[in-house]
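Residue numbers (the working numbering), protein chains in the order written: chain A, 1 to 351; chain B, 352 to 1046.
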Amino acid sequence: MSAAGTIELRAVSKRYGAAAVVDDVSFTIEAGSLVTLLGPSGCGKTTTLRMIAGLETPSAGRVLIGGRDVTDWAPAERNVSLVFQSYALFPHLTVLDNVAYGPRVRGDRAAAAHARARATLDLLGLTGLEARLPAQLSGGQQQRVAVARALVLEPAALLFDEPLSNLDARLRRRVRDEIRALQRRLGLSAVYVTHDREEALAVSDRIIVMNGGRIVEAGPPAELFASPRTRFVADFLAEANIVTGRLAAVDGDAGDVDVAGHVVRVPHRGHAVGAVTVAIRPEAVTIQAGGGAGTIAGRVSRAAFVGRAVEYSIETAAGELFVVAPGVEGALAPGAPVSLSLSARGVALVE
Amino acid sequence: MRAPRTLAPPALAALGAGLLILPWYALSESVPALAQFLAHGRHALAVPLIVAAAAALAGGLARERRRRARLWLAAGLVGAGATLLQGFLIRQPAFGLGAVVALAGFVLLAAEGLAGCGHLRGDRFAAACLLAIAVLVGVFVFLPLGRVLAAAVQGQGGALSPAALASRLTAEKIWTLACLSSARKCGVAWNTIVLALSCAAGTTLLGLALALLVTRSAFPFRRLTRLLVVLPVITPPFVIGLGIILICGRAGVINTLLESWLGLPPTRWIYGFSGVLLAQLFAFTPVAFLVLIGVVEGVSPTLEEAGQTLGARPGQVFRTVSLPLMLPGLANAFLVGFIESIADFGNPLVLGGSFNVLATEVYFALVGAQYEQGRAAALALILLMLALGAFALQQRALRGRAYTAVTGKGDSGIPAALPRRLALAIVVTAVPWLLFTVVIYGMALVGGFVAVWGRDHTLTLRHFVKAFGVEWGPGGILWTGGAWTSLWNTLRLSVVAAPLSAVVGLLTAWLLGRARFAGRRAFELGTLLSFAVPGTVIGVAYVLTFNVPPLELTGTGLIIVVCLVFRNMPVGVRGGLASLEQIDRSLDEASGTLGASGSTTVRRVLLPLLKPAVVGALVYGFVRSVTTVSAVIFLVSGDTDMATTYIIGRVVNGDYGVAIAYSAVLIGLMVTAIVVIQRLVGVRVIGSRAAEGAS
Chain A
1 MSAAGTIELR AVSKRYGAAA VVDDVSFTIE AGSLVTLLGP SGCGKTTTLR MIAGLETPSA
61 GRVLIGGRDV TDWAPAERNV SLVFQSYALF PHLTVLDNVA YGPRVRGDRA AAAHARARAT
121 LDLLGLTGLE ARLPAQLSGG QQQRVAVARA LVLEPAALLF DEPLSNLDAR LRRRVRDEIR
181 ALQRRLGLSA VYVTHDREEA LAVSDRIIVM NGGRIVEAGP PAELFASPRT RFVADFLAEA
241 NIVTGRLAAV DGDAGDVDVA GHVVRVPHRG HAVGAVTVAI RPEAVTIQAG GGAGTIAGRV
301 SRAAFVGRAV EYSIETAAGE LFVVAPGVEG ALAPGAPVSL SLSARGVALV E
Chain B
352 MRAPRTLAPP ALAALGAGLL ILPWYALSES VPALAQFLAH GRHALAVPLI VAAAAALAGG
412 LARERRRRAR LWLAAGLVGA GATLLQGFLI RQPAFGLGAV VALAGFVLLA AEGLAGCGHL
472 RGDRFAAACL LAIAVLVGVF VFLPLGRVLA AAVQGQGGAL SPAALASRLT AEKIWTLACL
532 SSARKCGVAW NTIVLALSCA AGTTLLGLAL ALLVTRSAFP FRRLTRLLVV LPVITPPFVI
592 GLGIILICGR AGVINTLLES WLGLPPTRWI YGFSGVLLAQ LFAFTPVAFL VLIGVVEGVS
652 PTLEEAGQTL GARPGQVFRT VSLPLMLPGL ANAFLVGFIE SIADFGNPLV LGGSFNVLAT
712 EVYFALVGAQ YEQGRAAALA LILLMLALGA FALQQRALRG RAYTAVTGKG DSGIPAALPR
772 RLALAIVVTA VPWLLFTVVI YGMALVGGFV AVWGRDHTLT LRHFVKAFGV EWGPGGILWT
832 GGAWTSLWNT LRLSVVAAPL SAVVGLLTAW LLGRARFAGR RAFELGTLLS FAVPGTVIGV
892 AYVLTFNVPP LELTGTGLII VVCLVFRNMP VGVRGGLASL EQIDRSLDEA SGTLGASGST
952 TVRRVLLPLL KPAVVGALVY GFVRSVTTVS AVIFLVSGDT DMATTYIIGR VVNGDYGVAI
1012 AYSAVLIGLM VTAIVVIQRL VGVRVIGSRA AEGAS
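This is the structure:
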């Protein structure tokens, strides 16, 4: 439906006084793909998004949309639409007039603008709500109206600023899947900002993880999740335990890593034999009561039943490990001695 | 992708028209700038001409967007600066249409450049507003104030003379303290300061008492009190003074009664310090009340409840919790009272007798038999310094206000009851004040229908006939009443000025609240400054500045409109800023990303949501335009007499009946105007949960 465009940032920085909120960020977003900017609050992801939209002016660097340098352009001149965290629906306009606003201010006649708005509302399953005011809609409906309003102009790119943060947990999953399905169906370029790792993993073609105004790592969700390069991404994306181990031997792409006496074979990225930092995902640890040879000996210090699983903190020689064990029968009590073994798929060497 | 909108064509068109077609000077046979330069030897005009030509060329030649924007920004600024500078430095006739249009063209060009460089998010409309308002405030606020300073420094013959300034500023008539030790009078500066301090203290106390009475007590007439307290805001300033004269004056009720019962001879005690102070207390307590009601309501009841649960008695809670939280607000109210008092012109003129303050002294220095520009300027300077000092203190007090507003939501406690003795004290002060207000308004109303107050109390309509008589003549209606001219003038000028001041004020608020640019704080202070400048100072400043080329405006209605717009604009700024804070920024941003320009966003999104602020700015602009005296009295001419200046004239002549009748008509006019404005603007509809979609 729309002429999807690439988005490119070249060495973009945003400084307020001496403090850099976004520091030398470069990336390219291919046409038709959905890329997530993920990071903790204050990491510069929203500022980056706003610079793409033209709502902030970069202190340095260039922004290109569809191959054109739009750095000095007003938001109104850029062919991108933003779905706001607060939805930003105009409270004095009906749903139909909200969605028709873009076509109207770009010069369409009222009848044509309303026709386009109706078609888009239909696409999002909002038919029947045209005459309502935003205050008369549920949170989920408001969210979809906001998406409809952004879509109606068939923008080169659709930008999402934490679009789900005002919805409750169940609705969040449904709307998330709707957004992804719509983006795929229409072949839209989209940039999606969130601090929710699950949301990011679920919707993205690519994830760009940011921290302290810089890009830490970028890649497809599964790849970033399974084999993070950095301690930050391992921690932020997978809540991995970061421990010190020893690379005992290297054999081609794989190596034998010793963590507190337990050895696993994992891929390595040119690490030398010796001390290494190991990221262990909580669900990659198997717990057994009692002791066992070639395992990590430990003692339960805390156990919390969270529904589908039990979360343990285990004291070990490698430090305290956070472990998520599925299956709730026979939960271990604090103080119980346990032996841990690691599944190679959930272990990665990080910098 | 859409082609970027640009201001370049209108800017270049304005430059072309202003420099090449329209007459440059305001003379009947004036020719355009190009001809002035070529044929009349006005070489200074070369700069704007060359800059404009260069800008037009640059538009055609510079292909790169950013480069062209920089060129245009430079051209606009240099062109506007050069045009104004040569106007003030070189003796010449007054600017005409050509010069004004060319200046507008330069400003538009600079705005296009500013936005093109990516400033203000590339919003041309915001850039144009910013530069236009900056230029207007510069020309109509800062330039005149600078001119006052210059006039105070100029000695006889116009040369700069610091000695003249020093002797004028320290003149004995201004600063003497002789009244402390002898029967002679003290200096006007001391008069002004003592009066202002008394007025500020009195209005703050009364305002606090009334605010507590309305919000925290079981007083039965709270709604009526609210109404009564706000009434003086829409009253012409001297109605209260007149009411006081009718009660306490020589032929007033009190003197008459004393004479008939006790045989005491009537006295003139009301004329002087006590009368002026009394009038100011009634005139300015509403302002303090409006400030303090917000302050009192801002004190979080939960904090008071916390105090109570910790074992404090009501008196202790008030003293240790409520009062300290209100202190910044009280300081603000005090300073507002101080500023209002030193700026007050009408009451001292009507009731001062031989008691002079700076505001009236400035007027007499310039208007009386003695036309002393230097002395008037020096007096105005002292007045200005007092006002700016108070204004600076007030800004600091307002910044300290932060902690009263910290608790926003979840504050559903019940305000603590007032300590009993305090409640009693409040009733004892507030109730007489309220009664006296009723009496004054009653008198002021009755006074218009009485033949001669104090002597002949037969009811009559002759004052109304004298002012607003209408007869059928051979050629149609004859407006025989003496007041028609001034009433039409007031209406005409106010109807023009009120929307303008609302537009300028709200646009300024929009820039301050939404746009990000360097020098924002300075811009804010600059636009609010004119509020603190006493009207008499502005009056003198305008006379000094706009009597002479290149901006020669005196004697026209235009200068009165300009004066009203820039004096009333700060209220629009404040009201607009407060309302904008309630509207989520993302609404404007959404509008922008959907393709709306700044002006479209203002018109389609913000204006409908700002309707209450629009009504407020319009009403205030209109009411102040109708009731203002101090600045306008310097600017009126025979053709542009205003209602207030006409009434002052009647009062000074002792013709109270007509003055009162006219005041009553003005009050009726303003009430009508308020209703009309509310009908015209309408109310905003945003559904059951107001502004929820935005929050």
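Ideal Cβ positions, reconstructed from N, Cα and C, are used throughout, including at glycine.
Taking DSSP as the reference, what is the three-state secondary structure of residue i?
i	result
Thr-277(A)	strand
Asn-98(A)	helix
Asn-683(B)	helix
Ile-441(B)	coil
Asp-1006(B)	coil
Lys-14(A)	strand
His-808(B)	strand
Phe-882(B)	helix
Ser-845(B)	helix
Leu-357(A)	Outside the shown range of chain A (1 to 351) lies residue 357(A), about which nothing can therefore be said.
Tyr-376(B)	strand
Excluding the 5 residues preceding and the 5 following residue i in the sequence, name in chain order all residues of the same chain whose CB lies nearer than 6 Å to its CB.
i	result
Thr-543(B)	Ile-693, Val-708 and Leu-709
Ile-777(B)	Ala-560, Leu-563 and Leu-564
Gly-972(B)	Ala-849, Ser-852, Ala-853 and Asn-919
Return the chain-ordered list of same chain residues with a C-beta closer than 7 Å to the C-beta of residue i, the five sequence neighbours on each side being excluded.
i	result
Asp-762(B)	Unreliable placement is indicated for Asp-762(B), whose pLDDT of 49 sits below 50; no coordinate value is reported for it.
Gly-906(B)	Ser-988
Arg-1030(B)	none
Leu-744(B)	Leu-686
Thr-841(B)	Val-977, Met-993 and Ala-994
Gln-143(A)	Tyr-87, Pro-163, Leu-167 and Val-175
Ala-860(B)	Gly-923, Val-924, Gly-927, Leu-928 and Leu-931
Ala-31(A)	Ala-4, Gly-5, Thr-6 and Ser-189
Pro-770(B)	Pro-665, Gly-666 and Phe-669
In whole angstroms, give me the CA-to-CA distance for residue i and residue j.
i	j	result
Val-757(B)	Asn-166(A)	Reliability of the predicted coordinates at Val-757(B) is poor, the pLDDT of 38 falling under 50, and the value obtained from them is presented with this limitation in mind. Answer to the nearest angstrom: the Cα atoms are 24 Å apart.
Ala-364(A)	Arg-116(A)	Residue 364(A) falls outside the range modelled here, since chain A spans only 1 to 351, and no answer is possible.
Lys-14(A)	Arg-418(B)	22 Å
Thr-576(B)	Arg-535(B)	42 Å
Ala-929(B)	Lys-45(A)	30 Å
Asn-606(B)	Pro-587(B)	26 Å
Gly-1008(B)	Asp-807(B)	12 Å
Leu-732(B)	Leu-986(B)	19 Å
Pro-91(A)	Leu-133(A)	7 Å
Leu-124(A)	Val-147(A)	8 Å
Glu-223(A)	Thr-316(A)	29 Å
Gly-600(B)	Val-899(B)	43 Å
Leu-9(A)	Val-152(A)	25 Å
Pro-361(B)	Val-429(B)	18 Å
Tell me whether residue i counts as near the ligand MN, meaning its Cβ is closer than 7 Å to at least one heavy atom of that ligand.
i	result
Gly-553(B)	The ligand MN is not part of this structure, which contains no ligands at all.
Ignore the nearest five residues each way along the sequence and tell me which others in residue i's own chain have a CB closer than 8 Å to its CB.
i	result
Asp-69(A)	Arg-62 and Val-63
Ile-372(B)	Pro-383 and Gly-449
**OP:** Taking only beta carbons into account, state which residues of the region 952 to 968 of chain B come closer than 8 Å to chain A, listed in chain order.
**Re:** Arg-955, Val-956, Pro-959 and Leu-960
**OP:** Residues of the region 91 to 124 of chain A with a CB closer than 7 Å to any CB of chain B: list them in chain order, please.
**Re:** Pro-91, His-92, Tyr-101, Gly-102, Val-105 and Arg-106
**OP:** Tell me, please, whether the region 329 to 343 of chain A touches the region 298 to 305 of chain A by the rule of three or more beta-carbon pairs shorter than 8 Å.
**Re:** yes
**OP:** Would you list, in chain order, the members of the region 29 to 56 of chain A that have their beta-carbon closer than 9 Å to a beta-carbon of chain B?
**Re:** Arg-50, Ala-53, Gly-54, Leu-55 and Glu-56
**OP:** Would you list, in chain order, the members of the region 69 to 83 of chain A that have their beta-carbon closer than 8 Å to a beta-carbon of chain B?
**Re:** Thr-71, Asp-72, Trp-73, Ala-74, Pro-75, Ala-76, Glu-77, Arg-78, Asn-79, Val-80, Ser-81 and Leu-82
Original post:
Can you list, in chain order, the residues of the region 383 to 417 of chain B whose Cβ is nearer than 7 Å to any Cβ on chain A?
Top reply: Arg-416 and Arg-417
**OP:** Would you check if there are 3 or more beta carbon pairs closer than 8 Å linking the region 878 to 897 of chain B to the region 738 to 747 of chain B?
**Re:** yes
Subject >> Under 9 Å (Cβ pairs) to chain B, residues found in the region 147 to 164 of chain A >> reply: Arg-149, Ala-150, Val-152, Leu-153, Pro-155, Ala-156, Leu-159 and Asp-161
Original post:
Does the region 933 to 944 of chain B come close enough to the region 71 to 90 of chain A that 3 or more CB-CB pairs lie under 8 Å?
Top reply: yes
Original post:
Which residues, taken in chain order from the region 474 to 500 of chain B, show a beta carbon closer than 9 Å to some beta carbon of chain A?
Top reply: Asp-474 and Arg-475
Subject >> the region 360 to 377 of chain B touching the region 453 to 470 of chain B, judged by at least three CB pairs closer than 8 Å >> reply: yes
**OP:** Check whether the region 387 to 396 of chain B touches the region 465 to 472 of chain B, taking contact to mean three or more Cβ pairs, one atom from each stretch, closer than 8 Å.
**Re:** no
Original post:
Is the number of C-beta pairs between the region 628 to 648 of chain B and the region 546 to 559 of chain B that are closer than 8 Å three or more?
Top reply: yes
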